[in-house]
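Chemist: Chains A and B are the protein sequences, given in the same order.
Counting from 636, one number per residue, gives the positions in the first sequence under our numbering.
Counting from 636, one number per residue, gives the positions in the second sequence under our numbering.
There are 2 protein chains.
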Amino acid sequence: MNKSEISVAPMHRLCKKAGAERVSEAAAKELERVLNEIGVEIAKTALDYSIHSGRKTIKAKDIEIAARKAMRK
Amino acid sequence: MNKSEISVAPMHRLCKKAGAERVSEAAAKELERVLNEIGVEIAKTALDYSIHSGRKTIKAKDIEIAARKAMRK
Numbered sequence: 636m637n638k639s640e641i642s643v644a645p646m647h648r649l650c651k652k653a654g655a656e657r658v659s660e661a662a663a664k665e666l667e668r669v670l671n672e673i674g675v676e677i678a679k680t681a682l683d684y685s686i687h688s689g690r691k692t693i694k695a696k697d698i699e700i701a702a703r704k705a706m707r708k
Numbered sequence: 636m637n638k639s640e641i642s643v644a645p646m647h648r649l650c651k652k653a654g655a656e657r658v659s660e661a662a663a664k665e666l667e668r669v670l671n672e673i674g675v676e677i678a679k680t681a682l683d684y685s686i687h688s689g690r691k692t693i694k695a696k697d698i699e700i701a702a703r704k705a706m707r708k
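#1: DSSP state of B/Ile-693, grouped into three classes?
#2: Just how far apart, CA to CA, sit A/Lys-638 and B/Lys-651?
#3: Using the beta-carbon count (16 or more within 10 Å), is B/Ala-644 buried or exposed?
#4: Tell me whether B/Arg-688 is buried or exposed, calling it buried when 16 or more other Cβ atoms sit within 10 Å of its Cβ.
#5: Can you give the Cα-Cα distance for B/Lys-664 and A/Ala-695, rounded to whole angstroms?
#6: I'd like to know if A/Ser-659 contacts chain B, where contact means its C-beta is closer than 8 Å to some C-beta of that chain.
#7: Should the stretch 662-677 of chain A be regarded as contacting the stretch 669-679 of chain B, the criterion being three or more beta carbon pairs within less than 8 Å?
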């Protein structure tokens with residue numbers, strides 16, 4: 636449950652994309668940890684929606700609604 | 636700006652970890668898109684915090700506070 640599915644290298648690129656000049660290794664690892672946690676949370680909520688709809692397959696619409704629930708906006 | 640830094644394969648594993656039996660390809664792609672978007676948002680907020688602290692390097696503590704701001708809880 637604790638192993639992250641997202642790797643660290645893309646996190647550096649993601650921060651550069653956001654405009655950062657430099658990103659510490661610890662910051663990249665923290666972003667990886669956080670996005671993994673958010674991802675599992677969204678997937679769990681999406682699973683609830685799929686089960687509620689009588690399906691065993693998570694569909695894109697389940698992820699969409701779960702993501703909206705997870706975020707402030 | 637639109638190219639996602641996170642890949643699709645880990646999204647399937649992330650959903651399985653959340654307890655899903657099956658995940659559609661479109662759902663995995665949507666989760667990838669959403670996490671990429673959330674990641675950039677968190678990184679941008681973290682960058683603001685680092686600049687506010689007179690640094691040019693994003694540190695783990697910037698990511699932590701940015702992630703708390705981005706999520707509902």
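The C-beta atom is built at its ideal place from N, Cα and C for all residues, glycine as well.
The model shown is predicted, which means the values in this text are computed figures rather than measured ones.
Modeler: Looking at the coordinates:
#1: strand
#2: 13 Å
#3: exposed
#4: It should be pointed out that residue 688 of chain B corresponds to Ser in this sequence rather than to Arg. Looking at its Cβ environment, which holds fewer than 16 other Cβ atoms inside 10 Å, B/Ser-688 is exposed.
#5: 8 Å
#6: yes
#7: yes
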